[in-house]
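Going letter by letter, the sequence shown gives residues 1 to 259 in this note's numbering.
Structure first, then comments.
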Amino acid sequence: MTEDGVETHFINGETNIDVILGPPSGGLVDIDLDCPEALRLTRFVLPKTEVRFGREPIPDSHWLYKASIEGQTTFKDPISNKILVEIRSSGSQEKFYQTVFPPSVYTSGEQIYWSSNGDPLEIVDTKFIDSVSQLAALCLMVRYLPAEGGRQDFAIRFAGVLLRGGLPVDQANRIIELIASAAGDNDFGQRRVAHHTQTRLDAGEPTFGYSGLCEFVDKKVAATFTQWLDISPSEVGTHNIGSTQDWLALSFIDRNQSR
1 MTEDGVETHF INGETNIDVI LGPPSGGLVD IDLDCPEALR LTRFVLPKTE VRFGREPIPD
61 SHWLYKASIE GQTTFKDPIS NKILVEIRSS GSQEKFYQTV FPPSVYTSGE QIYWSSNGDP
121 LEIVDTKFID SVSQLAALCL MVRYLPAEGG RQDFAIRFAG VLLRGGLPVD QANRIIELIA
181 SAAGDNDFGQ RRVAHHTQTR LDAGEPTFGY SGLCEFVDKK VAATFTQWLD ISPSEVGTHN
241 IGSTQDWLAL SFIDRNQSR
C-alpha cells in the first residue's frame, strides 16, 4: 500500500491493522500472553519492554521486542490443550505471521489499545526463547498448584525437583514463593523450603523428586514442566541447568523481585 492509499483504506477506525512480524517489520517479535497466569508472572520473568498493548481487561497481553527469532512457538496446557504463551514472528520461506495492532477492534468488540507505546526492547541474547519457555512452565505450575491443605507438601517436592535440576537454594525458594503468590496462596512466604531439602541432599539423605511431584500434579503436567525448564525427570537429577547468569528467567526474577 502506498502512502496515498492510507486514507482510502483506513477510514473512521473501521478497518483493523495487522502487522507482519519478524524480518518484514524489522525483527518485531510478539510475546502473546494467552492466560491469566502469564499476565501475573511476565513482569517477574521477561525483561521489560516499552511496547505493550491489549484490551480490557487485559491491557498488557502483548509484549513486543526486536529479536532475531523466526517462526511461531506455542506453549499449550497439556491437559486442556489451551495456549498459555506464544512467541510470534515470521519464519523463512514466506511463512508470515501477523498480529492485530492498536487501534483495531477485537473480534469480541473490545478496543485494542497501547498500554505503553515506546520503543521495543532489543534482545541480543540467544537464550530469550528459553526465558519464554520458563515463563510457560511457571504458568503451568501456578495453574495446577494444589488446593489449600496440600501446598506445603507440594512445595517440599517441588523444591526437590528444582534443586536436583541444578538451581541454587535462594533461586529455588524465589520460584516456589513466586508461584504460590501468583496462585493467590496467602501463606506464600511459608513455602520457602528449599534450604531444608538442600540440607538433606548435602547429607545424602532421601529427598523427594520428580515422582513426588507427580503425587500432586498430573504426570502430563510434571513432564511438560520439566521439559520446558530442561530439567531431567530422573530421580538422580544428573542434569544441571547451568549458571545463574545463563538461566535467563531466574536472573530476571532476581532483578525484578522488588517490582
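Cβ atoms here follow ideal geometry from the backbone N, Cα and C, with glycine treated the same way.
So is residue i in contact with chain D if we call contact Cβ pairs under 8 Å?
| i | result |
| --- | --- |
| Thr197 | The chain labelled as chain D is not found in the depicted structure, where only one protein chain is given. |
In the DSSP assignment, what are the bridge partners of residue i?
| i | result |
| --- | --- |
| Phe75 | Val85 |
| Phe101 | Ile17 |
| Gln111 | Val105 |
| Asn117 | Val51 |
| Lys66 | Leu28, Glu122 |
Between residue i and residue j, is the Cβ-Cβ spacing less than 8 Å?
| i | j | result |
| --- | --- | --- |
| Phe225 | Leu140 | yes |
| Lys95 | Leu84 | no |
| Ser90 | Tyr97 | yes |
| Ala180 | Arg151 | yes |
| Leu229 | Ala137 | yes |
| Ile79 | Asp185 | no |
| Gly27 | Ser68 | yes |
| Lys48 | Ile123 | no |
| Thr73 | Ile129 | yes |
| Phe44 | Pro146 | no |
| Ala172 | Leu178 | no |
| Val221 | Tyr144 | yes |
| Thr107 | Val19 | no |
| Ala223 | Thr197 | no |
| Ile231 | Gly165 | yes |
Please look up how many angstroms separate the CB atoms of residue i and residue j, rounded, as I've assumed it's under 8 Å.
| i | j | result |
| --- | --- | --- |
| Ala207 | Leu201 | It is worth fixing the name first, because residue 207 is Thr in this sequence and not Ala. With 8 Å as the limit, Thr207 and Leu201 qualify as a contact, their Cβ atoms being about 6 Å apart. |
| Tyr210 | Val142 | That belief does not hold up - the Cβ atoms of Tyr210 and Val142 are roughly 19 Å apart, past 8 Å. |
| Leu21 | Ile31 | Their Cβ separation, rounded to whole angstroms, is 11 Å, which puts Leu21 and Ile31 out of contact at 8 Å. |
| Pro102 | Leu64 | The Cβ separation is near 11 Å, so there is no contact. |
| Glu86 | Ala182 | Actually they are not in contact, since the Cβ atoms of Glu86 and Ala182 sit about 19 Å apart, beyond 8 Å. |
| Val29 | Arg88 | 7 Å |
Verify the contact flag: residue i, CB atom, against every heavy atom of the ligand SAH, threshold strictly below 7 Å.
| i | result |
| --- | --- |
| Asn16 | Annotation note on the ligand SAH: not contained in the displayed structure, which lists no ligands. |
Considering only residues of the region 14–61, which uninterrupted beta strand (DSSP E) runs meet the minimum length of 3 residues and lie entirely inside it, listed in chain order?
17–20, 28–33, 51–55
Below 8 Å, can you find three or more Cβ-Cβ pairs linking the region 115–123 to the region 152–160?
no
Is there contact between the region 49–61 and the region 183–194, where contact requires at least three CB pairs shorter than 8 Å?
no
Taking only runs of the alpha helix (DSSP H) that begin and end inside the region 161–232, which ones reach a length of at least 4 residues, in chain order?
169–182, 194–202, 210–213, 219–229
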